[in-house]
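Some notes on the structure that comes next.
There are 2 protein chains.
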Amino acid sequence: MREQHKRSIAEQAKIFKALGHPSRLLMVDALRDGEKCVCELRELVGDDMSTISRHLAVLREAGVVTSKKRGTSIYYRLKLGCLNQFLQCTAAAVQQKAREHLEIVQSR
Amino acid sequence: MREQHKRSIAEQAKIFKALGHPSRLLMVDALRDGEKCVCELRELVGDDMSTISRHLAVLREAGVVTSKKRGTSIYYRLKLGCLNQFLQCTAAAVQQKAREHLEIVQSR
DNA sequence: TGGCTTTTTGGCAAAATTGCAAAATATTGA
DNA sequence: TCAATATTTTGCAATTTTGCCAAAAAGCCA
């Protein structure tokens, strides 16, 4: 019972882990407003194509995104819909943290 | 402009990264129903105390949890409230994935 | 004060992640 | 069929993360 739960948590951790890299989160964030081809994502991040491809594989395996070939390119889209909402929350949290940090600095 | 956004995303990635470890996510999940002392979290995870302590430091630095000393122990609680809702989503996603995988296996 | 109990740190070795470059795979058109 | 385009896979070296042990802090109280 508890073991089953631990397994589920471990699986969920993979999702978070996949999202826990700047380049990958940047791509995922970009996918919030619709699918994009690998080439667009590559341009967004700016890394080597092979690096982008690897990152996308991580996201795919974690179930965060899905891909579909259309014409000459492969298009990626967000699969984990609820992420959209949570990203608003993390963005707000980061902003809040920045504000707090600013306060500390100013109060010196 | 875009650089500012990239920085924000990188900061948010730290939150995901902190959550992207089975032991850490297990502890965070346990905190959903109220604060717990380090000793309780240690028992839950089962690792060495020093390992637990380090994991908690990661979560603290990412702003996912906060701690407060009371009596002889230190109590941790969830700081990133919206996580509660998102964890429901990831749990559902993992379940769904398991179902899909089962289907594939059965259809052979 | 001195001795507990709880938590954090330092030091390390093993394991995992990252990113680039080169090679391998499709696909598409000419 | 060949060449060109788009993407993935491999091989590797550098870096980071993990987790344990021992030792150091820190706080509490008899």
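Keeping their order, the protein sequence lines are chains A and B. With my numbering applied, the first sequence corresponds to residues 1 to 108, in that order. With my numbering applied, the second sequence corresponds to residues 1001 to 1108, in that order. Built from N, CA and C at the ideal position, the CB exists for glycine as well.
The bridge partners DSSP lists for Ser1067(B) are Tyr1076(B).
For Ala10(A), the nearest beta carbon of chain B is closer than 8 Å to its own beta carbon. Chain-ordered, the chain A residues with CB closer than 7 Å to the CB of Leu1080(B) read Ala93. Bounds of the alpha helix (DSSP H) holding Cys1089(B) are Leu1083 to Gln1106.
Taking His55(A) as the centre and dropping the five residues before and after it, the same chain places the C-beta of Ser23 and Arg24 closer than 6 Å to its C-beta, in chain order. Taking C-beta atoms as the reference points, Ala93(A) and Ile1015(B) count as a pair closer than 8 Å. Gln1085(B) and Lys1097(B) have their C-alpha atoms roughly 19 Å apart. Contact annotation: Asp29(A) and Leu87(A) have beta-carbon atoms nearer than 8 Å.
In this structure, Val58(A) and Tyr76(A) do not form a Cβ contact; the two beta carbons are roughly 12 Å apart against a cut-off of 8 Å. Inter-residue distance for Cys1037(B) and Arg60(A) is about 36 Å (C-alpha atoms, whole angstroms).
The CB of Cys1089(B) comes closer than 7 Å to the CB of Cys82 in chain A, given here in chain order.
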